[in-house]
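Step one of this worksheet: look at the structure below.
Protein chains: 2
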Amino acid sequence: MAARSGEFDLIARHFAPIAQRDPAALSLKDDAAVFTPPTGCEVVVTTDALVSDVHFRNLDAPELIAKKVLRVNLSDLAAMGATPLGVVLTAGYGPDVSEDWIERFAKGFGEDCAAYSVALMGGDTVGTPGPTFFSLTAFGYIATGRALRRDQARPGDLLAVTGTLGDAAIGLSVLAGDCNDLDDAARDHLKDRYWLPRPRIDIAKSCISLGKRFAAMDISDGLAGDCRKICAASNVGMTIDRMKIPLSNAAAQAVEHDEHRWQNVLAGGDDYELLIAGAPDYVAALGDQVTVIGTVTDKVGQVELIGPDGKMAELAPGGFDHFR
Amino acid sequence: MAARSGEFDLIARHFAPIAQRDPAALSLKDDAAVFTPPTGCEVVVTTDALVSDVHFRNLDAPELIAKKVLRVNLSDLAAMGATPLGVVLTAGYGPDVSEDWIERFAKGFGEDCAAYSVALMGGDTVGTPGPTFFSLTAFGYIATGRALRRDQARPGDLLAVTGTLGDAAIGLSVLAGDCNDLDDAARDHLKDRYWLPRPRIDIAKSCISLGKRFAAMDISDGLAGDCRKICAASNVGMTIDRMKIPLSNAAAQAVEHDEHRWQNVLAGGDDYELLIAGAPDYVAALGDQVTVIGTVTDKVGQVELIGPDGKMAELAPGGFDHFR
Numbered sequence: 001m002a003a004r005s006g007e008f009d010l011i012a013r014h015f016a017p018i019a020q021r022d023p024a025a026l027s028l029k030d031d032a033a034v035f036t037p038p039t040g041c042e043v044v045v046t047t048d049a050l051v052s053d054v055h056f057r058n059l060d061a062p063e064l065i066a067k068k069v070l071r072v073n074l075s076d077l078a079a080m081g082a083t084p085l086g087v088v089l090t091a092g093y094g095p096d097v098s099e100d101w102i103e104r105f106a107k108g109f110g111e112d113c114a115a116y117s118v119a120l121m122g123g124d125t126v127g128t129p130g131p132t133f134f135s136l137t138a139f140g141y142i143a144t145g146r147a148l149r150r151d152q153a154r155p156g157d158l159l160a161v162t163g164t165l166g167d168a169a170i171g172l173s174v175l176a177g178d179c180n181d182l183d184d185a186a187r188d189h190l191k192d193r194y195w196l197p198r199p200r201i202d203i204a205k206s207c208i209s210l211g212k213r214f215a216a217m218d219i220s221d222g223l224a225g226d227c228r229k230i231c232a233a234s235n236v237g238m239t240i241d242r243m244k245i246p247l248s249n250a251a252a253q254a255v256e257h258d259e260h261r262w263q264n265v266l267a268g269g270d271d272y273e274l275l276i277a278g279a280p281d282y283v284a285a286l287g288d289q290v291t292v293i294g295t296v297t298d299k300v301g302q303v304e305l306i307g308p309d310g311k312m313a314e315l316a317p318g319g320f321d322h323f324r
Numbered sequence: 001m002a003a004r005s006g007e008f009d010l011i012a013r014h015f016a017p018i019a020q021r022d023p024a025a026l027s028l029k030d031d032a033a034v035f036t037p038p039t040g041c042e043v044v045v046t047t048d049a050l051v052s053d054v055h056f057r058n059l060d061a062p063e064l065i066a067k068k069v070l071r072v073n074l075s076d077l078a079a080m081g082a083t084p085l086g087v088v089l090t091a092g093y094g095p096d097v098s099e100d101w102i103e104r105f106a107k108g109f110g111e112d113c114a115a116y117s118v119a120l121m122g123g124d125t126v127g128t129p130g131p132t133f134f135s136l137t138a139f140g141y142i143a144t145g146r147a148l149r150r151d152q153a154r155p156g157d158l159l160a161v162t163g164t165l166g167d168a169a170i171g172l173s174v175l176a177g178d179c180n181d182l183d184d185a186a187r188d189h190l191k192d193r194y195w196l197p198r199p200r201i202d203i204a205k206s207c208i209s210l211g212k213r214f215a216a217m218d219i220s221d222g223l224a225g226d227c228r229k230i231c232a233a234s235n236v237g238m239t240i241d242r243m244k245i246p247l248s249n250a251a252a253q254a255v256e257h258d259e260h261r262w263q264n265v266l267a268g269g270d271d272y273e274l275l276i277a278g279a280p281d282y283v284a285a286l287g288d289q290v291t292v293i294g295t296v297t298d299k300v301g302q303v304e305l306i307g308p309d310g311k312m313a314e315l316a317p318g319g320f321d322h323f324r
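From first to last, the protein sequence lines are chains X and L.
Here the first sequence is numbered in UniProt numbering, starting from 1 and rising by one per residue.
Here the second sequence is numbered in UniProt numbering, starting from 1 and rising by one per residue.
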């Protein structure tokens, strides 16, 4: 066991200073925190657990791990169109974690709480003989009845995504020592995309402010699997045009060198971009915040992919096996 | 790895049926859950993580573990005087966990969600190569400004507790194979108290409905350490009379057989009874729901214990070392 303070000292020293910005946290010294959503709003709540060397690399900088723990949850709030309000964090530190590591984790966490105007309202710190884990619950608010849900896609809708796809999954390959065919700038870009998701809070708010029907979710498990979740919830199908999927320059370089890396674009997770379906006029109204990649169909549960040769095939949940 | 379904199947099969009672959960199929506290109320939020063989015994029945995971969090809500509303649960299942185990866990969890009128609103299920862990975040509501806080004790207050103390810690000794000097009924009672905390929601509501100043917290880490938290938050001291501490018949039998077991009563955790400070008239108004064990003093940060011989000594944070 690395030299480390007790639970209460750790909280007081490293996390209470982050929490003091918000009176709801009662300085992390009471049994629970208290907050009130704005009038006319609902509370939106989401939670994600991350385990060392399963969901993040134990080798990575603790500041980056902290930011990822926070941002993957803020991405879920964004997928509902919610404005972040606060979080509670539980941490189970493994025997190899030093207090220096925890201090750096708290520093990164505090920086991102400030950047996203999120209050740290409470938490729990425990020791575990196993790998370090974090579980974060984030809550936000949204005008009552306006949340972006997965069950609102309709045949005839356009399907669009924010940002670029595949970066994070290829970035993980870079971190694993692969992709030595890419130039340094490309490799740096892809690693950064793996480490630091950008929750698309602003674009989700654009959807909400249009006041129209949209279905939305964040792509955390990969396009192929996640688009099926909207299909299931909305009872629809989808057709996606591979040529229209937006790629960063780095990812474009990667798939140009090796066609098999399309697997990362179609089925790799961790991009945390939004997948949005809506009527053509309203998707158009989102402007260059999104890229149209396909359409919503009435072929319930079927997800089709138009390949580079113009031929159509099924996009399997695990990726594009049919094009291999 | 025991034969086990994937994450989405596990959730759909075992947890979605629990969640379907509440529309806020969106059947656990969206990115987040949505709820609204009653008008004029604040949201109260708390979170606790539990690790196998650190916070619960891996050998225990999964139904009981599930109920403990829920109840320790409901106890924190009770300590604020809040009415439970919903929970989100993250689970990290270790390699030894079978789907049968998860099914039994979900069964116990669902039973208690129903018993306490708590909605399962969301969660996350992951695998871990280490010990199984759970992290639960509970939400409740309370009339704005009425939460029971730790910083409201004043010199001259009476100090009271609910229920009996020491049972859970002695119960853990029983489960560890000790305490063979106790009769079967006593052993069964003590084990049950370790396994199944009773969140004191109703007694906390009695405090709230009196509309008077009370300080309160739940005793999860032991009386000796926890009363210091109220002292620190309220800037007061305390004097506790050991003879007044309420014991179950089983715990009374245990300390009669072995004086050292007072350590379990004074410093053992897991009882989840409430520690309440308030003006004498209002503590009296709580009637036989509580037992007065001492007074609040102006000796800031000092916790004194009156022993069976009438002599006063310091109650150390870890227990009653001075009486050994």
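Ideal Cβ placement from N, Cα and C applies to all residues, glycine included.
### Query
What is the DSSP secondary structure of residue 2(X), counted as helix, strand or coil?
Because the pLDDT of residue 2(X) is 43, which lies under 50, any placement of that residue in the model is unreliable, and the number read from its coordinates should be weighed accordingly. Looking at residue 2(X) - three-state DSSP - the assignment turns out to be coil, as it is neither helix nor strand.
### Query
Would DSSP call residue 325(X) helix, strand or coil?
Because chain X is modelled from 1 through 324, residue 325(X) falls outside the range shown and cannot be assessed.
### Query
Which word fits residue 235(X), buried or exposed, when buried means at least 16 other C-beta atoms lie within 10 angstroms of its C-beta?
exposed
### Task
Could you say which of 168(L), 122(L) and 316(L) lies nearest to residue 32(L) if we only look at CA atoms?
122(L)
### Message
Our contact map puts residue 318(L) next to residue 168(L) with C-beta atoms below 8 angstroms; I'd like the distance itself, whole angstroms only.
### Response
Not confirmed; about 17 angstroms, so no contact.
### Query
Cα separation between residue 64(L) and residue 242(X)?
50 angstroms
### Message
Is it buried or exposed, residue 1(X), if we count other Cβ atoms within 10 angstroms and call 16 or more buried?
### Response
Interpretation of residue 1(X) is limited by its pLDDT of 37, a score under 50 that renders its predicted location unreliable; the figure taken from the coordinates is listed afterwards. So residue 1(X) ends up on the exposed side.
### Buried/exposed call for residue 128(L), threshold 16 Cβ in 10 Å
buried
### Query
Do residue 40(L) and residue 144(L) have their C-beta atoms closer together than 8 angstroms?
yes
#### Entry: Range of the contiguous alpha helix (DSSP H) that encloses residue 80(L)
62–80
### Query
Using the C-alpha atoms, what's the distance from residue 59(L) back to residue 261(X)?
45 angstroms
### Task
Figure out for me which residue from 72(L), 108(L) and 111(L) has the closest Cα to the Cα of residue 124(X).
72(L)
### Task
Can you grab the Cα-Cα spacing for the pair residue 200(X) / residue 163(X), in whole Å?
9 angstroms
### Task
Rounded to whole angstroms, what's the CA-CA distance from residue 11(X) to residue 90(L)? Just pull it up for me.
21 angstroms
#### Entry: Beta-carbon proximity of residue 252(L) to residue 133(L), cut-off 8 angstroms
no
### Query
alpha helix (DSSP H) containing residue 279(L): first to last residue?
From DSSP, residue 279(L) is part of no alpha helix (DSSP H); its letter is neither H nor E.
### Query
Applying the criterion that 16 or more other CB atoms from any shown protein chain within 10 Å of the CB defines a buried residue, is residue 14(X) buried or exposed?
buried
### Message
The alpha helix (DSSP H) that contains residue 230(L), what's its start and end?
### Response
223–234
### Query
To which residues does DSSP link residue 312(L) through a beta bridge?
306(L)
### Query
Would residue 9(X) pass as a contact of residue 46(X) if the rule is Cβ separation under 8 angstroms?
no
### Query
Would DSSP call residue 219(L) helix, strand or coil?
strand
### Message
So with CB distances below 8 angstroms, who are the chain X contacts of residue 37(L)?
### Response
36, 37 and 43
#### Entry: Proximity to residue 138(X) [Cα-Cα], best of 112(L), 247(L), 84(L) and 88(L)
88(L)
### Message
At the level of alpha carbons, what is the spacing between residue 299(X) and residue 188(L)?
### Response
59 angstroms
### Query
Exposed or buried, what is residue 55(X) when buried is set at 16 or more other beta-carbons lying within 10 Å of its beta-carbon?
buried
### Query
Using DSSP with H/G/I as helix, E/B as strand and the rest coil, what is residue 176(X)?
coil
### Query
Counting only beta-carbon atoms, is residue 307(L) nearer than 8 angstroms to chain X?
no
### Query
Quick one: which chain X residues come within Cβ less than 7 angstroms of residue 29(L)?
150 and 233
### Task
Flag this pair as yes or no: are the beta carbons of residue 266(X) and residue 210(X) separated by less than 8 angstroms?
no
### Task
Could you please tell me which residues of the segment 211–227 of chain L, in chain order, have their CB closer than 7 angstroms to any CB of chain X?
217 and 218
#### Entry: Distance, residue 151(L) Cα to residue 232(L) Cα
8 angstroms
#### Entry: For residue 155(X), the nearest candidate out of 310(X), 313(X) and 294(X) (CA to CA)
294(X)
### Query
Along chain L, which residues have their Cβ under 9 angstroms away from the Cβ of residue 77(X)?
31 and 32
### Message
Can you give me the C-alpha to C-alpha distance between residue 160(L) and residue 221(X), rounded to a whole angstrom?
### Response
51 angstroms
### Proximal chain L residues relative to residue 6(X), where beta-carbon distance stays under 7 angstroms
Within 7 angstroms Cβ-Cβ: nothing; residue 6(X) doesn't reach chain L, min ~11 angstroms.
### Message
Looking only at its chain, what residues have a beta carbon closer than 6 angstroms to the beta carbon of residue 323(L), apart from the 5 residues adjacent to it on each side?
### Response
Here the model assigns residue 323(L) a pLDDT of 42, short of 50, so the residue's position is not dependable, and the following value carries that caveat. These residues qualify, in order along the chain: 307.
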